[in-house]
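Here the structure comes first, spelled out in structure tokens, and everything after it is commentary.
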Amino acid sequence: SQQGEEDPQALSIQEGENATMNCSYKTSINNLQWYRQNSGRGLVHLILIRSNEREKHSGRLRVTLDTSKKSSSLLITASRAADTASYFCATDESGGYNKLIFGAGTRLAVHP
Amino acid sequence: DGGITQSPKYLFRKEGQNVTLSCEQNLNHDAMYWYRQDPGQGLRLIYYSQIVNDFQKGDIAEGYSVSREKKESFPLTVTSAQKNPTAFYLCASRGGASGRSYNEQFFGPGTRLTVL
């Protein structure tokens with residue numbers, strides 16, 4: 033089953049612009065995580081936000097979490113061509129054994 | 113890709129054959145996971161293991177088997193019972209007892225399996 037649903041499925045922007053990706057989920061969670069995947073590679077952890085947090089920053093990344101709406105957003109500011117990748121949200125269900133449930137991802141293309 | 117290695121990078125299998133994918137980690141992590149990724153899709157959990165000699169089925173375990181005889185190793189066997197095994201397979205592990213990265217999963221580079 034896939035809990036996280038990302039929106040949009042694909043996003044194309046110019047370097048320097050901001051990129052916003054959204055994620056919705058269905059059940060209660062312990063935390064929500066965002067991962068990045070370059071084409072044909074493994075995933076890399078970007079940021080984790082706990083269920084009692086509303087916003088978190090890491091470098092050019094800003095993540096928000098709204099548990100009442102069961103949604104999260106990832107903002108990448110001042111994007112670079114090197115940010116081109118797929119971005120996935122993953123939810124850690126309350127009571128689970130850190131079983132992450134991944135969405136289908138947003139494919140981001142940043143053009144020079 | 114952290115301290116997780118997967119081999120081989122590409123694997124070709126004839127229909128009806130079993131094949132084993134290797135996953136090794138040197139991060140001293142207790143938990144390990146196997147995921148399947150189909151084109152344009154997210155990851156789906158096949159099996160996971162919280163500790164040596166113990167593992168649990170994920171969402172799509174049918175046609176797969178695993179073992180966890182050593183902390184460092186979590187091999188995945190794709191059996192002939194898996195009807196559509198062509199996919200990208202990712203192994204991951206999760207950190208130790210405490211610390212900032214406890215809930216973060218570290219992924220290997222993946223194995224792309226193609227059934228001929």
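Note that the protein sequences, when read in sequence, are chains A and E.
In case it helps, my numbering puts the first sequence at residues 33 to 144.
In case it helps, my numbering puts the second sequence at residues 113 to 228.
Just so it is clear, CB atoms sit at the ideal spot from N, CA and C, and this is done for glycine as well.
Which residues in chain A have a C-beta closer than 7 Å to the C-beta of residue i? List them in chain order.
{"i": "E/LEU157", "result": "LYS131"}
What first and last residue would you give for the beta strand (DSSP E) that runs through residue i?
{"i": "E/PHE186", "result": "Taken as a continuous stretch (DSSP letters only), E/PHE186 belongs to no beta strand (DSSP E), as it is neither H nor E."}
{"i": "E/ARG224", "result": "223 to 227"}
{"i": "A/SER56", "result": "51 to 56"}
{"i": "E/GLN162", "result": "155 to 163"}
{"i": "E/ILE172", "result": "Premise fails: E/ILE172 is in no beta strand (DSSP E) and is neither H nor E."}
{"i": "A/LYS88", "result": "87 to 90"}
{"i": "A/ASN63", "result": "61 to 69"}
{"i": "A/LEU97", "result": "93 to 98"}
{"i": "E/ARG206", "result": "199 to 206"}
Under the assumption that residue i contacts residue j (Cβ atoms under 8 Å), give the Cβ distance between them as a whole number of angstroms.
{"i": "A/LEU75", "j": "E/PHE219", "result": "4 Å"}
{"i": "E/THR223", "j": "E/GLN118", "result": "5 Å"}
{"i": "E/ASN215", "j": "A/LEU64", "result": "Actually they are not in contact, since the Cβ atoms of E/ASN215 and A/LEU64 sit about 10 Å apart, beyond 8 Å."}
Listing by chain order, which chain A residues have their CB less than 8 Å from the CB of residue i?
{"i": "E/PRO221", "result": "ARG73 and GLY74"}
{"i": "E/PHE216", "result": "The amino acid occupying residue 216 of chain E in the given sequence is Glu; Phe does not appear at that position. Those are GLN65, HIS77 and LEU80, listed as they occur along chain A."}
{"i": "E/LEU202", "result": "GLY74 and LEU75"}
Listing by chain order, which chain E residues have their CB less than 9 Å from the CB of residue i?
{"i": "A/ALA136", "result": "GLY152, GLN153 and GLY154"}
Would you say the beta carbon of residue i comes nearer than 7 Å to a heavy atom of the ligand GDP?
{"i": "E/ILE172", "result": "The model on display carries no ligand, and the ligand GDP is accordingly not part of it."}
Can you pull the chain A neighbours of residue i, defined as C-beta to C-beta under 9 Å?
{"i": "E/ARG125", "result": "Per Cβ cutoff of 9 Å: no residues; E/ARG125 is ~19 Å from chain A at best."}
Which chain E residues are close to residue i, counting only those with a beta carbon under 8 Å from its beta carbon?
{"i": "A/ASP124", "result": "ASN215"}
Within 8 Å, do at least three Cβ pairs link the stretch 143 to 161 of chain E to the stretch 185 to 201 of chain E? At 8 Å Cβ cutoff, the stretches touch.
Residues in the stretch 81 to 106 of chain A having any Cβ partner in chain E nearer than 7 Å: When C-beta distances to chain E are compared with 7 Å, every residue of the stretch 81 to 106 of chain A stays at or above that value.
Quick check: the stretch 81 to 94 of chain A against the stretch 117 to 128 of chain E, are at least 3 beta-carbon pairs closer than 8 Å? Result no; under three Cβ-Cβ pairs closer than 8 Å.
Inspect the CB distances between the stretch 135 to 143 of chain E and the stretch 51 to 60 of chain A and report whether three or more fall short of 8 Å. The stretch 135 to 143 of chain E and the stretch 51 to 60 of chain A do not touch, with fewer than 3 CB-CB distances between them shorter than 8 Å.
Can you pull out the residues from the stretch 136 to 166 of chain E whose beta carbon lies closer than 9 Å to at least one beta carbon of chain A? Listed by position along the chain: ALA143, TYR145, TYR147, GLN149, GLY152, GLN153, GLY154, LEU155, ARG156, LEU157, TYR160 and GLN162.
With three or more beta-carbon pairs closer than 8 Å as the criterion, would you say the stretch 175 to 193 of chain E touches the stretch 35 to 44 of chain A? Too few Cβ pairs lie closer than 8 Å, so no.
Given a limit of 7 Å on CB to CB distance, which residues of the stretch 178 to 206 of chain E reach chain A? If you check each beta-carbon in the stretch 178 to 206 of chain E against every beta-carbon of chain A, the ones closer than 7 Å belong to LEU202 and ARG206.
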